[in-house]
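First up is the structure itself, then whatever we jot down about it.
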Amino acid sequence: MSQPSTFFITTAIDYPNSRPHIGTAFEKIGADVQARFRRMEGADTYFLMGNDENTIKVSKRARELGVEPQPYVDDMASQFKEVWRALDISFDDFIQTSEPRHHAGCQRFIQAVFDAGDIDKRPYKGLYCEGCEEFKTAKEAVSPDGRELKTIEEAEAAGACCPNHPKTPLRIVEEENYFFKLSSFQDRLLAHYEAHPEFIQPESRRNEVVNLVKAGLQDVSISRKGFSWGIKVPFDEEQTIYVWFDALLNYITALGYGSADDAKFRRYWPADVHVIGKDITRFHCALWPAMLMSAGLPLPKSVFAHGFVYRKDEGSGVLQKMSKSIGNIVEPMDLVRRFNSEAFRYYFMSQCPFGGDGEFSFERFAETYNTGLANSLGNLYSRTITMPVKYFGGVLEGSSAIDPTAWRAGLDLPALVEELRSLVGSFQYAGALQTIWLQVIDAANRYIEATRPFALIKTDPAATKIALVNLAEALRVVSILIKPFLPRTAETFYAAFNFADAQPFDRVCFADAASRPPGPDLRVTAALVDGKVAPLFPKIDLKAEPSS
RNA sequence: UGCGGCGUGGAGCAGCGGUUAGCUCGCCAGGCUCAUAACCUGGAGGUCGCAGGUUCGAUUCCUGCCGCCGCAACCA
66 MSQPSTFFIT
76 TAIDYPNSRP
86 HIGTAFEKIG
96 ADVQARFRRM
106 EGADTYFLMG
116 NDENTIKVSK
126 RARELGVEPQ
136 PYVDDMASQF
146 KEVWRALDIS
156 FDDFIQTSEP
166 RHHAGCQRFI
176 QAVFDAGDID
186 KRPYKGLYCE
196 GCEEFKTAKE
206 AVSPDGRELK
216 TIEEAEAAGA
226 CCPNHPKTPL
236 RIVEEENYFF
246 KLSSFQDRLL
256 AHYEAHPEFI
266 QPESRRNEVV
276 NLVKAGLQDV
286 SISRKGFSWG
296 IKVPFDEEQT
306 IYVWFDALLN
316 YITALGYGSA
326 DDAKFRRYWP
336 ADVHVIGKDI
346 TRFHCALWPA
356 MLMSAGLPLP
366 KSVFAHGFVY
376 RKDEGSGVLQ
386 KMSKSIGNIV
396 EPMDLVRRFN
406 SEAFRYYFMS
416 QCPFGGDGEF
426 SFERFAETYN
436 TGLANSLGNL
446 YSRTITMPVK
456 YFGGVLEGSS
466 AIDPTAWRAG
476 LDLPALVEEL
486 RSLVGSFQYA
496 GALQTIWLQV
506 IDAANRYIEA
516 TRPFALIKTD
526 PAATKIALVN
536 LAEALRVVSI
546 LIKPFLPRTA
556 ETFYAAFNFA
566 DAQPFDRVCF
576 ADAASRPPGP
586 DLRVTAALVD
596 GKVAPLFPKI
606 DLKAEPSS
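Position one of the first sequence corresponds to residue 66 (the working numbering), numbered consecutively onward.
The structure is reproduced here in structure tokens:
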């Protein structure tokens with residue numbers, strides 16, 4: 066037997082200056098579905114997440130709260146992980162960029178780039194706010210006459226200030242910083258995009274980046290002077306590595322790059338896919354590969370930029386970006402507590418195309434839940450289990466000899482499974498789920514109407530049994546196909562009958578959906594109350610909800 | 001201003017050169033009762049933003065216009 070292939074998948078690391086919202090969760094769920102799918106496919110999968118802690122904002126936020134940065138970020142990291150676990154995000158590692166392993170790897174890396182001659186020191190010119198003691202961009206500057214400012218020169222001339230210190234005009238200050246010679250990588254980057262069309266996904270993002278790089282790249286400042294929080298530049302103790310150069314490196318420092326124990330790095334790098342938000346595409350598709358080229362490391366195989374989730378206001382119907390100032394942020398735990406993690410995952414994966422933008426409203430959430438989960442999926446589960454219990458005491462003797470393919474007559478299941486593998490493997494989750502619901506779940510519901518086992522039992526118990534065995538098989542198939550998306554529901558489905566006697570649930574792969582493995586006769590193993598299962602997804606009635 | 005995206009029945013989305021433009025929800029009418037008043041069948045509802053062009057043929061390709069929305073270097 067050959068070595069299983071590896072699959073290394075990462076998400077963007079988050080700033081821990083506030084708790085994650087549902088948009089952040091969207092990314093993690095999308096990555097998690099992929100990780101779970103690849104594990105099912107037999108790949109040795111490694112799923113990395115983390116927090117981006119070496120930022121000025123984080124240290125300032127900690128100071129506001131009167132705590133040291135380290136305990137602050139540690140506390141935030143545990144809060145983040147708690148949310149991710151509640152959503153069943155199956156990460157294998159969670160890196161905090163304040164950890165020693167990250168610091169060490171970063172220093173090793175920046176040294177390598179320095180030694181390669183791609184870093185030099187030169188003056189950095191920026192808008193400095195004496196109140197904040199930090200540089201601002203022209204965009205952040207507020208002009209006294211309310212004008213939009215495009216350049217830092219314009220901002221200084223207008224006497225603009227930062228929003229926090231309206232009485233202290235911003236001035237252009239120069240300081241010596243280290244710069245990464247990004248501009249010299251333009252040709253190599255373009256050649257790489259050309260040779261690897263799959264490097265940036267989806268297609269629309271790829272075009273964006275190609276245009277951007279064609280337009281020309283500027284060298285980027287990668288260090289700052291005079292900060293105590295962060296990673297020191299190894300060849301200049303007075304300087305601290307600045308945000309992106311540090312953040313991107315988490316993908317390799319988490320694997321032990323530059324440390325004595327770099328077995329994981331050797332095994333999993335290069336990454337198969339970095340899952341990120343569309344806003345940071347350029348850093349992952351231009352800066353990051355250039356950094357790796359400079360250090361002589363292989364480039365990630367692909368970057369997938371997902372869309373954003375916008376908040377649709379129930380009253381006005383207005384679609385807005387979620388933000389603290391508007392006060393329209395929805396926290397994942399709200400939804401998990403009020404409903405459950407499966408409903409959360411289902412909503413985002415089925416309603417928001419991963420590569421594009423999606424929207425969220427409680428109204429749509431309830432609608433999606435009620436129709437997709439309660440009526441369609443949950444109800445199928447109930448009726449599939451009740452009948453064998455009612456008519457055969459839960460034991461379907463002789464079922465192993467029955468061919469369970471009648472329920473899917475007219476459906477080419479093997480072809481469908483192949484199609485689904487392709488859809489899920491390419492992040493087309495909404496399409497995959499719609500296909501499962503339309504082709505498989507609806508087929509099972511229709512099969513009940515066609516065979517009418519509840520009537521058939523009065524005249525032909527043998528035929529009834531055949532119908533019920535078919536239904537059980539449909540449940541098994543559904544269980545396998547939804548496993549990456551709804552892991553808990555999938556497991557509940559699989560445990561409803563003694564399917565595990567034929568094949569343990571954790572060994573099931575997508576291809577197994579198309580053919581039933583030989584096994585003993587079927588019997589119902591679900592927990593029953595008065596001969597019935599409790600509804601898996603009780604209907605949501607928003608009007609009856611106390612708040613929202 | 002530059003770059004990019006979007007505009008398909010009441011709502012949300014597919015489709016993207018070629019038989020009667022699909023799907024989910026909603027609506028209307030039947031059927032059924034195993035099931036979470038669930039499920040199944042049928043129906044009404046669209047000149048595929050507007051105007052040109054390419055083509056034997058365009059919702060699908062090109063151009064222009066209108067409307068909405070992103071991005072423009074550190075915002076998931």
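The C-beta atom is built at its ideal place from N, Cα and C for all residues, glycine as well.
Considering just the uninterrupted stretch of the alpha helix (DSSP H) at Pro453, what are its terminal residues? Here residue 453 is taken as the residue at index 388 of the first sequence, counted from 1. Residues Asn444 to Phe457.
DSSP puts Asn242 in a beta bridge; with which residues? Residue mapping note: residue 242 aligns to position 177 of the first sequence, counting from 1. Paired residue(s): Arg187.
Going by DSSP, which residues form a beta bridge with Ser286? Taking the first sequence and counting its residues from 1, one reaches residue 286 at position 221. BP columns for Ser286 point to Phe244.
Are the beta-carbon atoms of Ser465 and Asp586 separated by less than 8 angstroms? Working through the first sequence from its first residue, we reach residue 465 at position 400. Working through the first sequence from its first residue, we reach residue 586 at position 521. Yes, these two residues count as a Cβ contact at 8 angstroms.
Continuous beta strand (DSSP E) assignments of at least 3 residues falling wholly in the stretch 114-198: 158-161 and 184-194
Are Ala561 and Leu540 touching if we call contact CB-CB under 8 angstroms? Start at 1 with the first residue of the first sequence, and residue 561 comes out as number 496. Start at 1 with the first residue of the first sequence, and residue 540 comes out as number 475. Yes, the pair counts as a contact, with Cβ atoms nearer than the cut-off.
Cβ distance (whole Å) where Met356 is taken to contact Leu313 below 8 angstroms: In the first sequence, the residue the question calls residue 356 occupies position 291. In the first sequence, the residue the question calls residue 313 occupies position 248. Confirmed, Cβ separation roughly 7 angstroms.
Contact check, Leu569 vs Asp153, beta carbons under 8 angstroms: Here residue 569 is taken as the residue at index 504 of the first sequence, counted from 1. Here residue 153 is taken as the residue at index 88 of the first sequence, counted from 1. First, the amino acid is wrong: residue 569 is Pro here, not Leu. The answer is no: Cβ separation not under 8 angstroms.
What three-state label does DSSP hand Val368 in the structure shown? The residue you call residue 368 lines up with position 303 of the first sequence. Looking at Val368 - three-state DSSP - the assignment turns out to be strand.
Less than 7 angstroms between C-beta atoms, sequence neighbours within five positions excluded: which residues of the same chain meet that for Glu538? Walking along the first sequence from the start, residue 538 turns up at place 473. Same-chain partners within the cutoff: Pro469, Trp472 and Arg581.
So the candidates are Leu533, Thr524, Leu476 and Leu488; which of them puts its Cα closest to the Cα of Ala508? Numbered from its first residue, the first sequence carries residue 508 at position 443. Closest by alpha carbon: Leu476.
Starting from the N-terminal side, write out each stretch of the beta strand (DSSP E) that is 3 residues or longer and does not extend beyond the stretch 293-345. 301-306 and 338-342
Could you give the distance in angstroms between the alpha-carbon of Ser613 and the alpha-carbon of Asp140? Stepping through the first sequence from its first residue, residue 613 is reached at position 548. Stepping through the first sequence from its first residue, residue 140 is reached at position 75. Unreliable placement is indicated for Ser613, whose pLDDT of 40 sits below 50; the coordinate value is still reported in the next sentence. Between Ser613 and Asp140, the C-alpha separation is close to 28 angstroms.
Three-state secondary structure (DSSP) at Lys377? Start at 1 with the first residue of the first sequence, and residue 377 comes out as number 312. If DSSP states are grouped into helix, strand and coil, Lys377 belongs with the strands.
Select from Val534, Glu379 and His371 the residue whose C-alpha is nearest the C-alpha of Phe457. To locate residue 457, count along the first sequence from 1; it is residue 392. It is Val534 whose Cα lies nearest to the Cα of Phe457.
From the DSSP output, in three-state form, read off Arg84 for me. For the purposes of this step, residue 84 is taken as residue 19 along the first sequence, with counting starting at 1. If DSSP states are grouped into helix, strand and coil, Arg84 belongs with coil.
Can you list, in chain order, the residues of its chain whose CB lies under 6 angstroms from that of Tyr559, leaving out five sequence neighbours each side? Along the first sequence, read from residue 1 onward, the residue named residue 559 stands at position 494. Here the set comprises Ser544 and Phe570.
Roughly how many angstroms lie between the CA atoms of Phe492 and Asp252, to the nearest whole one? Indexing the first sequence from 1 puts residue 492 at position 427. Indexing the first sequence from 1 puts residue 252 at position 187. If I take the Cα positions, the gap works out to 29 angstroms.
Rounded to whole angstroms, what's the CA-CA distance from Asp595 to Gly496? Just pull it up for me. As a position in the first sequence, residue 595 is number 530, starting the count at 1. As a position in the first sequence, residue 496 is number 431, starting the count at 1. For Asp595 and Gly496, the distance between alpha carbons rounds to 38 angstroms.
Out of Arg173, Ile175, Ser83 and Glu129, which one is the CA nearest neighbour of Val148? Taking the first residue of the first sequence as 1, we reach residue 148 at position 83. Here the closest residue by C-alpha is Ser83.
Identify the continuous alpha helix (DSSP H) that holds Phe519 and give its terminal residues. Within the first sequence, numbered from 1, the residue matching residue 519 stands at position 454. First-last of the alpha helix (DSSP H) with Phe519: Pro518 to Leu521.
For the stretch 326-338 against the stretch 171-191, are there 3 or more C-beta pairs whose distance is under 8 angstroms? no
For the putative contact between Val505 and Val542, defined by C-beta atoms under 8 angstroms, what is the C-beta separation to the nearest angstrom? By 1-based counting over the first sequence, the position of residue 505 is 440. By 1-based counting over the first sequence, the position of residue 542 is 477. The pair is a contact, with the Cβ atoms about 6 angstroms apart (cut-off 8 angstroms).
With 16 as the cutoff for other CB atoms within 10 Å, does Lys201 come out buried or exposed? Here residue 201 refers to the residue found at position 136 of the first sequence. Buried.
Leaving out the 5 sequence neighbours to the left and right, which residues in its chain are closer than 6 angstroms to Asn242 when beta-carbon positions are compared? For the purposes of this step, residue 242 is identified with residue 177 of the first sequence, where counting begins at 1. Correct list, in chain order: Tyr189, Ser286 and Ser288.
Cα-Cα separation, Cys350 to Ala181: Position 285 of the first sequence, counted from the first residue, corresponds to residue 350. Position 116 of the first sequence, counted from the first residue, corresponds to residue 181. So the alpha carbons of these two residues sit roughly 21 angstroms apart.
With DSSP as the reference, label Val460 as helix, strand or coil. As a position in the first sequence, residue 460 is number 395, starting the count at 1. Of the three classes helix, strand and coil, the one that applies to Val460 here is strand, per DSSP.
Beta strand (DSSP E) segment containing Phe72, residue limits: By 1-based counting over the first sequence, the position of residue 72 is 7. First-last of the beta strand (DSSP E) with Phe72: Thr71 to Thr76.
Pairs of beta-carbons, one from the stretch 114-126 and one from the stretch 361-381, closer than 8 angstroms: are there three or more? no
What are the boundary residues of the beta strand (DSSP E) that Glu424 is part of? Position 359 of the first sequence, counting from 1, holds the residue named residue 424. Unbroken beta strand (DSSP E) run through Glu424: Gly423 to Phe425.
For His261 and Pro365, what's the separation of their Cα atoms in angstroms? Locating residue 261 in the first sequence gives position 196, where the first residue counts as 1. Locating residue 365 in the first sequence gives position 300, where the first residue counts as 1. Between His261 and Pro365, the C-alpha separation is close to 11 angstroms.
Helix, strand or coil, according to DSSP, for Lys279 in the structure here? One-based indexing of the first sequence puts residue 279 at position 214. In this structure, Lys279 counts as helix in the three-state DSSP scheme.
Closest by C-alpha distance to Leu601, when choosing among Ser406, Ile265 and Val132: The residue labelled residue 601 in the question sits at position 536 within the first sequence. The residue with the shortest Cα to Cα distance from Leu601 is Ser406.
For Ala360, which residues from the same chain have a beta carbon less than 8 angstroms from its beta carbon, with the 5 sequence-adjacent residues on both sides left out? The residue labelled residue 360 in the question sits at position 295 within the first sequence. Counting only Cβ-Cβ distances below 8 angstroms, and skipping sequence neighbours, we find Phe174, Ala177, Val178 and Ala181.
Quick check on this structure: which residue in Asp117, Ala280 and Gln499 has the alpha carbon closest to the alpha carbon of Tyr80? Mapped onto the first sequence, residue 80 falls at position 15. Among Asp117, Ala280 and Gln499, the Cα nearest to that of Tyr80 is on Asp117.
For the beta strand (DSSP E) containing Lys530, name the first residue and the last one. Locating residue 530 in the first sequence gives position 465, counting from the first residue. Careful: Lys530 lies outside any beta strand (DSSP E), inside the alpha helix (DSSP H) at Pro526 to Ile547.
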